[in-house]
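Student:
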Amino acid sequence: MSVTFEACWRMVLGHAPLAGASLAREWTQWAYDEFVAARRSWSHLRVQSGLSIAASRSGTCGVVQNSAAVSSGTLAFVAGDVGRTFRVSTSPYYTITAVALGVATLDRAYLEATDAAATGIVFDGYATLPADFARFYAIIDPSMRWRIRFDVSADWLNRLDPMRQSATGTPRLLANATYSPVPATLGQARYEWYQASSSARSYPMWYLRKAEILTDDSVLVGPLADRKDILVEGALSRCALWPGLENRRNPYFNLPLAQAHDAKFRDKISAAYVGDEELYWEGMPVAEMGYAQFPFDSAWMQQQDLPAMGEQAGWY
């Protein structure tokens, strides 16, 4: 039988009815958050998804210095351009945040010179990641048979190519960028493609998601499946710290008991960690070795005597 979040918090409520459902839920959610934070890659947080790049378009447009509005010319702006990147020549990247009546609104004022017939380009310079994104696990380019790197900082990229003069080509890496300024995805993490593809492409991706806010019918899966005792133990450590109401004491309030519950909670997390590691073993750096690294592909790797796993640094 599946274990739900409600089953957990109701068990906690049984120890301290005075707390009510609201506090019982809060304590149990806290326990889940702590459980997730204890390990960076719990198996139930892995998500298989993908990122897509649409084909770029170029044409004339009107830009005005210190204005965020860009008027259409032969480059006609459409609703689908919202969230995409705009630039003129080697200007910095701008993000289109809105399109109305053929006019694109940028995420900030255009700082370069006014030009009523500038040659602009609309492309996907950034990848906006899902709202629940926590960190990358792997992302690959099937056409090139290599893994896209995501361990390169924007600072390094700014030293390598500050003007993004070599920005168009085959994507090789994703560098950390700003959070999305687009209303529909406001605050979501964004990474910059380098190089940015001018043609439509898609990239399979695996990532680790954030801890979600559980609802009563949320079913516990992965290492928590059939293990409501883990969350209950953690929630009871909070329950034992709650003194109660002004005129009614919580009978479960006991500081040594809270410490004992917390210690058991941490022990149970450690045991679950071991079980999860056995189910989804990460002793070998599969995220590094899962797909070929430039300039060789999987066929080349199969024909070579590669270094031992602990000696990857020289050919990474």
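Numbering-wise, this note's numbering puts -3 at position 8 of the sequence shown, and it's gapless, one number per residue. For every residue, glycine included, the Cβ atom is placed at its ideal position computed from N, Cα and C.
For L146 and T84, I'd like the C-alpha separation in whole angstroms.
Tutor: Near 19 angstroms, if we compare the C-alpha coordinates of T84 and L146.
Student: Based on the DSSP secondary-structure assignment, which residues constitute the bridge partners of N236?
Tutor: DSSP output for N236 lists no bridge partner at all.
Student: Give me the Cβ distance between V52 and A87, rounded to the nearest whole Å; I'm assuming they're in contact under 8 angstroms.
Tutor: No, V52 and A87 are not in contact; Cβ-Cβ is about 16 angstroms, not under 8 angstroms.
Student: Leaving aside the five residues before and after S186 along the sequence, list all residues of the same chain whose C-beta is less than 6 angstroms from its C-beta, in chain order.
Tutor: Correct list, in chain order: I42 and P160.
Student: Kindly indicate which three-state DSSP category Y21 falls into: helix, strand or coil?
Tutor: Three-state DSSP puts Y21 in a helix.
Student: Just checking my contact of E(-5) with D215 at CB under 8 angstroms: how many whole Å lie between their CB atoms?
Tutor: E(-5) to D215, Cβ: 15 angstroms. No contact.
Student: What residues in its chain sit with their C-beta under 6 angstroms from that of H33, if we drop five residues either side in the sequence?
Tutor: V210 and G211.
Student: Quick one: grab the DSSP three-state call for E(-5).
Tutor: E(-5) falls in the helix class under three-state DSSP.
Student: Would you kindly check if the distance between the Cβ of T63 and the Cβ of G39 is under 8 angstroms?
Tutor: Result no, Cβ atoms of G39 and T63 do not sit closer than 8 angstroms.
Student: Run the CB neighbour count on N55, radius 10 Å, all protein chains shown included, and call it buried at 16 or more, exposed below.
Tutor: When all chains shown are included, N55 counts as exposed.
Student: F283 to W270, Cα distance in whole Å?
Tutor: Only weak support exists for where F283 lies, its pLDDT of 44 falling under 50; the coordinates are left without a value.
Student: What does a CB cutoff of less than 8 angstroms around R58 pick up in its chain, not counting 5 residues either side in sequence?
Tutor: Note on residue identity: the sequence assigns Ala, not Arg, to residue 58. So the list reads V92, A93, T94 and L95, once near-sequence residues are dropped.
Student: Which residues in the same chain have their Cβ closer than 7 angstroms to the Cβ of V67, if we skip the five residues on either side of it in sequence?
Tutor: Within the same chain, V67 has close Cβ partners V88.
Student: Just mark V208 as buried or exposed, buried being the case when its beta carbon has 16 or more other beta carbons within 10 Å.
Tutor: V208 should be labelled exposed.
Student: Check F254 in the structure and name its three-state DSSP category.
Tutor: Correct three-state label for F254: helix.
Student: Within 10 angstroms of the Cβ of R179, are there 16 or more other Cβ atoms? Answer buried if so, exposed if not.
Tutor: Its Cβ being crowded by 16 or more others within 10 Å, R179 is buried.
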